[in-house]
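First residue of the sequence shown? That's 434 in the numbering used here, and the numbers climb one at a time after it.
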Amino acid sequence: MLNTTNPNSYEYHTKHLQVNILGGMKTNKLESLRITMSIQKPESYNVLRHSLDLYNDNQVEKFTRKIAERLEIGTSVTRRTLQDLTKELENYRFLLLEKEASANAPYRKELSAREIKEAETFLRSKDLLKKTNKLIGQSGVIGEENNRQTMFLIFTSRKTNNPLHCISLGSSGTGKTHLQSKVAELIPEEDKVEITVLSANAFYYFNRTELQHKLILIEDLDGAESVLYPLRELQSKKRITKTVVHKDSKGTTKTIHLTVEGPVSVAGCTTQESIYEDNSNRSFLLYIDESEIQDKKIMDYQRLISAGKVNGEKEHNAKELLKNVQRVLKPIKVINPYAEFLELPKSVFKPRRTNSHYLQFIEAITFYKQYQRESNMTKILERNTSKQKSRIYRKPTN
Numbered sequence: 434m435l436n437t438t439n440p441n442s443y444e445y446h447t448k449h450l451q452v453n454i455l456g457g458m459k460t461n462k463l464e465s466l467r468i469t470m471s472i473q474k475p476e477s478y479n480v481l482r483h484s485l486d487l488y489n490d491n492q493v494e495k496f497t498r499k500i501a502e503r504l505e506i507g508t509s510v511t512r513r514t515l516q517d518l519t520k521e522l523e524n525y526r527f528l529l530l531e532k533e534a535s536a537n538a539p540y541r542k543e544l545s546a547r548e549i550k551e552a553e554t555f556l557r558s559k560d561l562l563k564k565t566n567k568l569i570g571q572s573g574v575i576g577e578e579n580n581r582q583t584m585f586l587i588f589t590s591r592k593t594n595n596p597l598h599c600i601s602l603g604s605s606g607t608g609k610t611h612l613q614s615k616v617a618e619l620i621p622e623e624d625k626v627e628i629t630v631l632s633a634n635a636f637y638y639f640n641r642t643e644l645q646h647k648l649i650l651i652e653d654l655d656g657a658e659s660v661l662y663p664l665r666e667l668q669s670k671k672r673i674t675k676t677v678v679h680k681d682s683k684g685t686t687k688t689i690h691l692t693v694e695g696p697v698s699v700a701g702c703t704t705q706e707s708i709y710e711d712n713s714n715r716s717f718l719l720y721i722d723e724s725e726i727q728d729k730k731i732m733d734y735q736r737l738i739s740a741g742k743v744n745g746e747k748e749h750n751a752k753e754l755l756k757n758v759q760r761v762l763k764p765i766k767v768i769n770p771y772a773e774f775l776e777l778p779k780s781v782f783k784p785r786r787t788n789s790h791y792l793q794f795i796e797a798i799t800f801y802k803q804y805q806r807e808s809n810m811t812k813i814l815e816r817n818t819s820k821q822k823s824r825i826y827r828k829p830t831n
């Protein structure tokens with residue numbers, strides 16, 4: 434029986450031989466099973482150490498004869514021991530690969546029936562936006578009533594086909610990153626990617642759909658200048674592609690395309706709006722409240738935390754409810770029948786971009802309020818006389 438308690442030294446003991454696998458084994462090359470082992474008879478000081486590939490028959494046969502000669506044991510016993518050891522290692526390697534695949538699989542929380550009902554009831558409640566903003570405050574986001582609700586709706590839009598983006602602006606030390614991170618805590622972990630530092634090429638090596646409908650959070654745009662271009666492309670074109678040269682297993686050089694698909698919602702913080710104009714053109718600009726009133730709210734909250742008077746359980750429950758609310762939102766198509774009648778004042782700066790943002794923000798609010806109104810549906814029965822079958826279609830009525 435293979436003992437893998439120590440990952441750096443597996444043990445395989447039989448009646449006739451004791452084998453230790455030193456350094457474990459690699460799981461990335463299934464075409465070989467290269468190991469380093471020490472082998473000896475039970476209660477013997479004569480130890481033989483050797484490295485070999487257990488899938489190489491010539492190496493195994495030579496090693497079998499060497500063991501028989503050095504340890505004075507029959508070749509049939511040695512050969513059987515190595516064969517059984519190989520089978521045990523194979524099985525354990527497949528188990529390791531399954532564990533790695535499970536660990537790397539995206540986490541998705543399965544909601545209980547009670548959690549689903551609670552979230553859907555909240556989404557059907559009257560004055561949803563007001564209640565949402567209040568709940569955001571209960572989760573620990575202090576002040577910034579307009580910014581926090583706008584940011585929450587922008588983050589929610591990641592689940593739509595036309596997500597919104599935002600950049601938080603303000604002086605150093607005013608809480609830009611804090612606001613973004615606190616509101617981001619209300620988004621399920623499986624739906625966001627937080628970035629502190631990322632190289633220019635790193636974006637192209639995500640799996641093709643790994644970023645789809647994700648919220649990408651950048652703490653400081655000043656530290657992410659190298660990825661701003663692919664981010665802009667993801668925002669505008671909803672996909673990025675990079676062409677690279679790759680050598681296959683036969684040594685043949687080929688050109689391959691690395692494609693990462695969106696859409697994504699992007700949020701970042703900076704003190705320098707003018708430097709990131711290309712990115713800000715695609716985003717809502719949220720100016721942080723730097724008033725004395727906001728300073729007082731934050732400092733009062735800090736004092737309450739220090740005095741142990743903040744209800745941590747209440748904050749946690751508010752966060753979990755808003756996360757579950759996000760999880761039960763379904764992908765739907767939003768059509769605004771009044772869109773053609775909505776016009777911006779002529780004084781608006783960059784009207785083309787602003788008009789698009791305006792319409793998309795209305796869609797984001799409508800998307801969030803999808804449980805507010807039950808669809809009024811009628812059934813249309815269409816009979817196919819040739820096949821003697823009937824199909825039911827659902828069609829919205831006015």
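Cβ atoms here follow ideal geometry from the backbone N, Cα and C, with glycine treated the same way.
Residues of its chain near residue i, where Cβ-Cβ distance is below 8 Å and the 5 sequence neighbours each way are ignored
i      : result
Leu718 : Cys599, Ile600, Leu602, Glu706
Asn479 : Gln473, Arg503, Leu504
Leu481 : Ser471, Ile472, Gln473, Lys499, Ile500, Arg503, Leu504
Arg799 : One detail in the question is off: residue 799 reads as Thr in this sequence, not Arg. Within the same chain, Thr799 has close Cβ partners Val767, Asn769.
Ala617 : Phe588, Lys625, Glu627, Leu648, Leu650, Ala700
Thr787 : Leu777, Val781
Lys459 : Arg467
Ile549 : Asn757, Val761
Lys730 : Ile575, Gly576
Lys564 : Phe555, Ser558
Val452 : Glu444, Tyr445, His446, Met470, Ser471, Ile472, Thr514, Leu518
Glu694 : Arg641, Thr642, Leu644, Gln645, Lys671, Arg672
Lys747 : Gln571
Gln735 : none
Which residues DSSP lists as bridging residue i, in chain order
i      : result
Phe717 : Cys599
Leu777 : Paired residues: none, contrary to the question.
Lys680 : Thr686
Ala700 : Cys599, Leu650
Arg672 : Glu694
Between the CA atoms of residue j and residue i - distance to the nearest angstrom
i      : j      : result
Leu631 : Leu654 : 11 Å
Val510 : Thr497 : 9 Å
Ser545 : Arg581 : 28 Å
Val761 : Leu612 : 24 Å
Gly457 : His449 : 22 Å
Val493 : Leu455 : 17 Å
Glu553 : Gly576 : 27 Å
Leu529 : Arg541 : 22 Å
Asn809 : Glu753 : Note on Asn809: pLDDT 36, under 50, position unreliable in the model; the coordinate value appears next. Approximately 31 Å, taken between the alpha carbons.
Gln657 : Gln668 : In the sequence as presented, Gln is not what sits at residue 657; that position holds Ala. Taking the straight line from one Cα to the other gives about 16 Å.
Ser465 : Asp681 : 18 Å
Thr519 : Glu622 : 41 Å
Ser724 : Thr583 : 19 Å
Glu652 : Thr610 : 6 Å
Ile721 : Asn579 : 10 Å
Lys742 : Thr607 : 24 Å
Lys670 : Arg715 : 12 Å
Val660 : Asn634 : 8 Å
Thr593 : Glu796 : 9 Å
Ser442 : Pro696 : 46 Å
Ile620 : Asn489 : 51 Å
Lys763 : Pro596 : 14 Å
Thr692 : Arg591 : 19 Å
Phe794 : Pro784 : 15 Å
Asp728 : Phe585 : 22 Å
Ile506 : Thr676 : 58 Å
Gln759 : Ser739 : 31 Å
Gly684 : Val678 : 12 Å
Proximal residues to residue i (C-beta, below 7 Å), its chain only, five neighbours per side dropped
i      : result
Lys615 : Gly573, Val574
Lys802 : Leu561
Ser605 : Thr704
Leu568 : Ala751, Leu754, Leu755
Gln805 : Arg557, Leu561
Thr508 : Thr497, Arg498, Ala501
Leu737 : Val743
Met434 : none
Arg526 : Met458, Thr460
Own chain partners of residue i with C-beta closer than 6 Å, once the 5 adjacent residues on each side are dropped
i      : result
Arg512 : Thr497
Asn436 : Glu444
Cβ of residue i within 7 Å of any chain C Cβ
i      : result
Gln571 : Any reference to chain C falls outside this structure, which holds one protein chain only.
Distance cut-off 6 Å: residue i Cβ against heavy atoms of the ligand SAH
i      : result
Lys474 : This structure simply doesn't include the ligand SAH, nor any ligand for that matter.
Worksheet item: Which full runs of the alpha helix (DSSP H) of 4+ residues lie inside the stretch 595-658, going along the chain?
Response: 609-617
| said: Which complete beta strand (DSSP E) runs does the stretch 434-507 hold, if anything under 3 residues is left out? | reply: 442-446, 451-455, 467-473, 481-486
*Starting from the N-terminal side, write out each stretch of the alpha helix (DSSP H) that is 4 residues or longer and does not extend beyond the stretch 514-570.*
546-557
Hey, is the stretch 689-704 in contact with the stretch 655-674, meaning 3+ C-beta pairs nearer than 8 Å? yes
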